[in-house]
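All letters in the sequence shown, in the order written, are residues 1 to 770 by full-length UniProt numbering. Ideal Cβ positions, reconstructed from N, Cα and C, are used throughout, including at glycine. Here the structure is a predicted model, which means the values were calculated and not measured.
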Amino acid sequence: MTRTTQSSAHWGTFQVDVSDDGRTVLGTRPYADDPDASPAIAGVAEAQHHPLRVTRPAVRRRWLENGPGPDDRRGAPDEEYVEVEWDEALDLLAAELDRVRTAHGNRAIFGGSYGWGSAGRLHHAQGQLHRFLNAIGGYTSSINDYSRGASLVLLPHLIGRNGMEELRKRPPSWPHIAAHTDLLLCFGGVRLSNTSVIPGGHNRQVVGGLSREAAQSTRIVSVSAQRDDIAADLDAEWVGIRPGTDTALLLALTHTLVEEGLADDAFLSACTVGADQVRAYLRGEPDGVAKTAEWAAGITGIAARSIRDLARRAAAGRTLVNVTYSLQRAEHGEQAVFAALTFAAFLGQIGLPGGGFSHGYGSMGDHGIGVEQVRLPTFPQGRNAVDDFIPCARISDLLLRPDETIPYDGRTLPLPDIRLVYWAGGNPFHHHQDIRRLRRGFARIDTLVVHEFHWTPTARHADIVLPAATPLERDDIAAGPGDSRLRAMPRAVAPVGEAREEFWIYDRLAERLGADYSEGLDSRAWLERIYEQWRGQNPEAPSFAEFWREGGTALPQRPYRDGAFAAFRADPGSHPLDTPSGLIELFSSTLHGFALPDTAGHALWIEPEADPGSPYDLQLLCNQPSHRLHSQLDMAAPSRSTKVAGREPIRLNRTDAAARGIRDGDVAIVRSAQGSLLAGVIVTDALLPGVAQMHTGSWFDPSAPHIADCINGNVNVLTKDVGTSTLTQASSGARVAVSVAHYDGPIPPVRAHEPPPLTARRDRGGDARG
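Now the structure itself:
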């Protein structure tokens, strides 16, 4: 006997088949009318009952016996954990939190949880952790994100925060593109696998269908080092470009517009400031280097005549210039975004239907769906009494450089002396670069606390690991930006082992610390409260009881008629941007005034540092995976189906593989200045020569350090932990220089998907408060 219910993840809504006794998930599958559903759905059932589940509170033995303090053994493959009762775990953690805040202040606590652990509106790991830490006095926080970190700092200087909102919430929609756009010029491709991911998920995936419809009438050009960086059924034209040179191409495209009289001077005069400074830079007046097509050809590998032809085609019709998030995830990556906005402004089509500039097609599944975002139920987090923060990609700097400072957005940020890190719902070993450096940071602190479903690499570095209930083990509600339906997520099965809702964990910790987390309500009552508060502003919505019984309720689908910047373009004086000038700032006096060594007032080409003697002769592109979200469910079948030789693959151009004596299916050792890994090999013609590619998110496995830093292919052992610039301090992990060689030694087994050594201790009673 089975029963079927529904649930949701950041990669979509799906059906769950459960045994009649309510204890076993038998399978998960997408809805039949969701043809572009994420393959990750198929792995949820396997992960629910996987041997890697954290089933009881566990404490690292060395921390339990020696007490808090720095320890370079954190994360060692043979580190033993002791399973304890909930009462003991909560008592230990409450005492440690109290010790740190009393002795060092709340700024010594870092609330990590840069994570995508649950799509639920109530059981959102990051929000719940931050509410708890706020309740006990606050914490050092992080801002921005790894996906758009450079853009989130740069673009407000150029288009204002209201322009950022327009760009994010009202980009030219795919239907607008189909109706109006002649040329969609995509820097970084349009990877449809990325569009299955939306914060909160969607009721059904729609971008695939919308983009295929647009491709029937719109010519799409994909500028990328990868031929397959865009779906084959979009019939795109491929312009192969050397990695990291998009800024040079964009500057040359803009130079061609100016040189051939194709720039829209009327738009530049009415809607922008700084065009004259840009023209001077393009002519080479400040540096003696004109940014011509010939100049860019030597940098990008694209013929000068092709560059000029592309600029002319863009000026001949309605053109939309799109930059994916990945381009700014590199050293000086924000300059590609700056240059793309500049090129679009010189074309003069910003604010026209289906034209202008965008930043997100192929990066997120809600971008361009053409529907107004509506307010959704929210679990309040309270107020953080600590002012200290870091850009999220500077976590290692925070841990390794106590009481120092870093430059950021024209100011200086202090780095507090962090003694305790509290992480929930995320895996920094996926997001963060240079894992050896990150591990040194974790070794320096007194205590690392993690809530987890599985024994992830992060959990295996923690001192206290608390077993969190999965989304299938708790009631919740879900929806994403622009979604068509607010969905119920009823509990499908009982929690595995002694897993508990994080709400329950924080409530009991707060009680021990003299704080109020729950306001006297359990999680079900809070679920009803946030729904009814939302219904107060949406009176057409049903009662909570009816909503739950029906499995959800429709959300307003209000298509926006015009895209971003339409009102601004029509009348900049009445609808100004919140920049100093009220206009698009192609030259920002604010940025110029910062006098930073790697940022100017206008878009800038910065020559990469060259090392002629370097053994690292390939450019490795590090993309998001297609069969999992970040590192989630790496142990499950969808992710395993992409492996080669049992580990994450590296793709090599056929010429590069042959030159190294490497064949399809071999195991290769990949090295960079930061570290080394083993990878399976796929030989392909879809990459430019000199370019390799791997997906991020394979679980870190340091179990054979005599062979490589990771034997499971986690690319973050290779990537550099440096900020994109002194302005933005964002992640630069999208590419790195590497060497690749055939691995001839014995191939070690992957241990990443095995739990650590565990012993049980039951010398105290359970938590009588349940």
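Exercise. On the three-state DSSP scale, how would you describe Ala657?
Worked result: helix
Problem set entry | Sufficient close CB pairs (3 or more, under 8 Å) joining the segment 527 to 535 to the segment 497 to 510 | With fewer than three CB-CB distances shorter than 8 Å, the segment 527 to 535 does not count as touching the segment 497 to 510.
Exercise. So does the segment 27 to 46 actually touch the segment 203 to 220, counting three or more Cβ pairs closer than 8 Å?
Worked result: With the cut-off at 8 Å, the segment 27 to 46 and the segment 203 to 220 touch.
Exercise. Quick check: the segment 120 to 129 against the segment 88 to 100, are there 3 or more CB pairs under 8 Å?
Worked result: Fewer than three pairs of CB atoms, one per stretch, sit closer than 8 Å, so the segment 120 to 129 makes no contact with the segment 88 to 100.
Problem set entry | Contacts around Pro481, its chain only, beta-carbon distance under 6 Å, and the 5 residues preceding and following it disregarded | Asp366 and Gln373
Exercise. Near Ala645, which residues of its chain fall below 6 Å by C-beta distance, leaving aside the five closest residues on each side in sequence?
Worked result: If we look at Ala645 and ignore the five residues flanking it on each side, its Cβ neighbours are Val667 and Gly680.
Problem set entry | alpha helix (DSSP H) segments (min. 4 residues) lying fully within the segment 306 to 351 | 334 to 347
For this session: Provide the residue span of the alpha helix (DSSP H) that contains Leu415, from first to last.
Result: Neither: Leu415 is in no alpha helix (DSSP H) and is coded neither H nor E.
Exercise. With distances taken from CA atoms, which of Leu347, Val323 and Ala275 is nearest Leu257?
Worked result: Leu347
Problem set entry | Straight-line Cα distance separating Asp235 from Ala214 | 11 Å
Exercise. What residue ranges within the segment 35 to 120 form continuous beta strand (DSSP E) runs of no fewer than 3 residues, ordered along the chain?
Worked result: 58 to 60, 81 to 83 and 109 to 111
For this session: Please name the residue, chosen from Val740, His130 and Pro171, that lies closest to Leu320 on a Cα-to-Cα basis.
Result: Pro171
Exercise. Taking all protein chains shown into account, do 16 or more other C-beta atoms lie within 10 angstroms of the C-beta of Arg549, making it buried, or fewer, making it exposed?
Worked result: exposed
Exercise. Phe700 and Pro457 look like a contact to me (Cβ under 8 Å); what is the Cβ gap, rounded to whole Å?
Worked result: Their Cβ separation, rounded to whole angstroms, is 4 Å, which keeps Phe700 and Pro457 in contact under 8 Å.
Problem set entry | Range of the contiguous alpha helix (DSSP H) that encloses Ile369 | Careful: Ile369 lies outside any alpha helix (DSSP H) and carries neither H nor E.
Exercise. Given 8 Å as the limit, is there contact between the segment 222 to 234 and the segment 189 to 200, that is, 3 or more CB pairs closer than that?
Worked result: Because the criterion of three Cβ pairs below 8 Å is met, the segment 222 to 234 and the segment 189 to 200 touch.
Exercise. So what's Tyr422 in DSSP terms, helix, strand or just coil?
Worked result: strand
For this session: Following the continuous beta strand (DSSP E) through Gln533, name the residue where it begins and the one where it ends.
Result: It is not in any beta strand (DSSP E) - Gln533 instead sits in the alpha helix (DSSP H) that spans Ser523 to Arg535.
Exercise. Count the other CB atoms within 10 Å of the CB of Ile299; is the residue buried (16 or more) or exposed (fewer)?
Worked result: buried
For this session: Report the residue from Phe594, Gly120 and Tyr616 whose alpha carbon sits nearest the alpha carbon of Leu486.
Result: Gly120
For this session: Could you tell me which of Gln674, Gln693, Pro689 and Val683 sits nearest to Cys622, measuring between CA atoms?
Result: It is Gln693.
Exercise. What residue range is occupied by the uninterrupted beta strand (DSSP E) comprising Arg460?
Worked result: Where Arg460 is concerned, there is no enclosing beta strand (DSSP E), because DSSP gives it neither an H nor an E.
Problem set entry | Alpha carbon of Gln632 to alpha carbon of Ile406, nearest angstrom | 31 Å
Exercise. Where does Gln6 sit, in a helix, a strand or coil, going by DSSP?
Worked result: strand
Exercise. Between Pro755 and Trp455, what straight-line distance do the alpha-carbon atoms span, to the nearest angstrom?
Worked result: Pro755 and Trp455 have their C-alpha atoms spaced approximately 6 Å apart.
For this session: Could you check if Glu540 is buried or exposed, using at least 16 other CB atoms within 10 Å of its CB as the buried criterion?
Result: exposed
Problem set entry | Nearest neighbour of Gly137, chosen from Trp116, Gly112, Gly160 and Gly105 [CA to CA] | Gly105
Exercise. With contact counted as at least three CB pairs below 8 Å, one residue from each stretch, are the segment 339 to 356 and the segment 728 to 742 in contact?
Worked result: no
Problem set entry | residue 771 to Tyr146 span [Cα, whole Å] | Past the boundaries of the shown model lies residue 771; the chain is included only from 1 to 770, so the question cannot be answered.
Exercise. Roughly how many angstroms separate the alpha carbons of Gly552 and Glu546, rounded to a whole number?
Worked result: 9 Å
Problem set entry | Whole-angstrom distance between Leu64 and Glu88, CA atom to CA atom | 11 Å
Exercise. Relative to the C-alpha of Leu152, which residue among Pro638, Glu501, Asp409 and Ser639 is closest?
Worked result: Asp409
Problem set entry | Span of the alpha helix (DSSP H) around Asn162 | Gly149 to Lys169
Exercise. Considering Glu511, what are the terminal residues of the alpha helix (DSSP H) in which it resides?
Worked result: Glu502 to Arg512
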